[in-house]
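What follows is one structure encoded as structure tokens, with my remarks underneath.
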Amino acid sequence: MGNLTSTRPLGHDCANHKMVDYLDNDRSAMMDGDLFLLEKAMATEQVIGFWGPEALKEFDAKLQNGSFVRQGAFPQGLLDLMGPILPTLDGAAHHAKKAAILEALNGAQVEKYKPVIRSVVQRAHARWSAQGGSMSLVVMCKQLAFKLMLVVLLGLENDYDDHHDDHRELLDTYILSLRDSTRRADPDGVRSRQHLLDDMINPALQTSHERLGQNSLKPCVLDFLVSQKKLSDADLRIELFHLLTMGVGGLECWLANCITAAASSPDVLKQLTLARDTYLKKYSNEEDRWRRFDDLGYVNWYIQEVKRVYIAGPSH
Numbered sequence: 404m405g406n407l408t409s410t411r412p413l414g415h416d417c418a419n420h421k422m423v424d425y426l427d428n429d430r431s432a433m434m435d436g437d438l439f440l441l442e443k444a445m446a447t448e449q450v451i452g453f454w455g456p457e458a459l460k461e462f463d464a465k466l467q468n469g470s471f472v473r474q475g476a477f478p479q480g481l482l483d484l485m486g487p488i489l490p491t492l493d494g495a496a497h498h499a500k501k502a503a504i505l506e507a508l509n510g511a512q513v514e515k516y517k518p519v520i521r522s523v524v525q526r527a528h529a530r531w532s533a534q535g536g537s538m539s540l541v542v543m544c545k546q547l548a549f550k551l552m553l554v555v556l557l558g559l560e561n562d563y564d565d566h567h568d569d570h571r572e573l574l575d576t577y578i579l580s581l582r583d584s585t586r587r588a589d590p591d592g593v594r595s596r597q598h599l600l601d602d603m604i605n606p607a608l609q610t611s612h613e614r615l616g617q618n619s620l621k622p623c624v625l626d627f628l629v630s631q632k633k634l635s636d637a638d639l640r641i642e643l644f645h646l647l648t649m650g651v652g653g654l655e656c657w658l659a660n661c662i663t664a665a666a667s668s669p670d671v672l673k674q675l676t677l678a679r680d681t682y683l684k685k686y687s688n689e690e691d692r693w694r695r696f697d698d699l700g701y702v703n704w705y706i707q708e709v710k711r712v713y714i715a716g717p718s719h
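Heads up: the sequence shown begins at 404 in this note's numbering, then just goes up one per residue.
Below is the structure:
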């Protein structure tokens, strides 16, 4: 998001572009074209949204040379609710914080997270198998997505069912409150955020510092960032909470849409089953199966197509 104080009012030449109330209908905003006009009470001037490689390249170039700035691009209510998160910063402060966070998500670090992810997934599958009877795979996958976010971001892996499953509802409340916070921070969002900070983020941060002192760091984003000492505790609270809230909703919906789309299309399900069987025959060793997901063929194509067609947002 950027702000250009010299933005001119749009004339009749833009009349053919559908006006989209982006904050109220994110699905429509992302499916109605490459360019849309946002008219909202939050904005004193019209705001243009766009995507696509060429448009984004041009936008990034203007962001780098200072033509676009983030300051003033967010309504005050959202700033009050979210705090000074990375997307609201400019210049050196933005670059330094972004570089520090990306270090925790680079290829070498992700490799360290993979065994933990595998363990969480295997335990979940074992529980599903032992449960028997009917169950909602969508609900189970939403729980699994939240577990994965907690273990990768915060290192919380053993006490999920006793302490953290109820936090999914608080997280949903916070995410939905964003669209009601354009003029002032939504009270439900403020309460949910503070509850999650007090119950999850702050204890996880304290425990991470203790692990650092004991030289027993876990493979998670929080421990890596704490060990690097490039971000203050205040910055860590803000950014990790933002990563959690902005990451879990999209992942949950992506998983749910993958299941729903396959279940509603017999032809697609048949091809997915064939691709799975082919993969299992090709890689009989379990270790190889976990290492060669890049060779899943049709399955990988299907997952990316679901992401392209079904917008992963908190509203559905």
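All C-beta atoms in this analysis are idealised placements derived from N, C-alpha and C, irrespective of residue type, glycine included. Note that this is a predicted model, so its numbers are computed, not measured.
For this session: Buried or exposed for ALA464, please, with buried defined as at least 16 other CB atoms from any protein chain shown within 10 angstroms of its CB.
Result: Exposed is the call here.
Exercise. How long is the line joining the alpha carbons of PRO606 and ILE520, rounded to whole angstroms?
Worked result: 22 Å
For this session: Measuring alpha carbon to alpha carbon, tell me which of ASP575, VAL554 and PHE696 ends up nearest ARG596.
Result: Comparing Cα positions, the closest option is ASP575.
Exercise. Going by beta carbon distance, what residues of the same chain come within less than 8 Å of ASP626, once the five residues before and after it are set aside?
Worked result: Excluding positions up to five away in sequence, the list reads GLY558, SER611, ARG614, LEU615 and LEU620.
Problem set entry | Exposure label - SER539; buried when at least 16 CB within 10 Å | exposed
Problem set entry | Contact belief for GLY652 with ILE578 at Cβ below 8 Å, rounded distance in angstroms | 5 Å
Exercise. Would ASP569 be called buried (16 or more neighbouring beta carbons within 10 Å of its own) or exposed?
Worked result: With fewer than 16 other Cβ atoms within 10 Å, it is exposed.
Problem set entry | the stretch 633-640 / the stretch 521-537 touching (three or more Cβ pairs under 8 Å) | no
Exercise. Touch check for the stretch 653-673 and the stretch 585-599: three-plus C-beta pairs under 8 Å?
Worked result: no
Exercise. Around the Cβ of PHE696, are there at least 16 other Cβ atoms within 10 angstroms (buried) or fewer (exposed)?
Worked result: exposed
Exercise. Just checking my contact of TYR713 with PRO622 at CB under 8 Å: how many whole Å lie between their CB atoms?
Worked result: The Cβ separation is near 31 Å, so there is no contact.
Exercise. Where are the alpha helix (DSSP H) runs, 4 residues long or more, that stay fully inside the stretch 553-616, in chain order?
Worked result: Runs found: 570-580, 590-599 and 605-616.
Exercise. Based on Cα-Cα distance, which residue from ASP698, GLU560, MET543 and SER580 lies nearest to MET603?
Worked result: GLU560
For this session: List the whole-angstrom C-beta distance separating ALA588 from LEU484, where the pair is believed to meet the contact cut-off of C-beta under 8 Å.
Result: 4 Å
Exercise. Whose CA, out of PRO456, MET543, SER532 and HIS566, lies closest to the CA of LEU658?
Worked result: MET543
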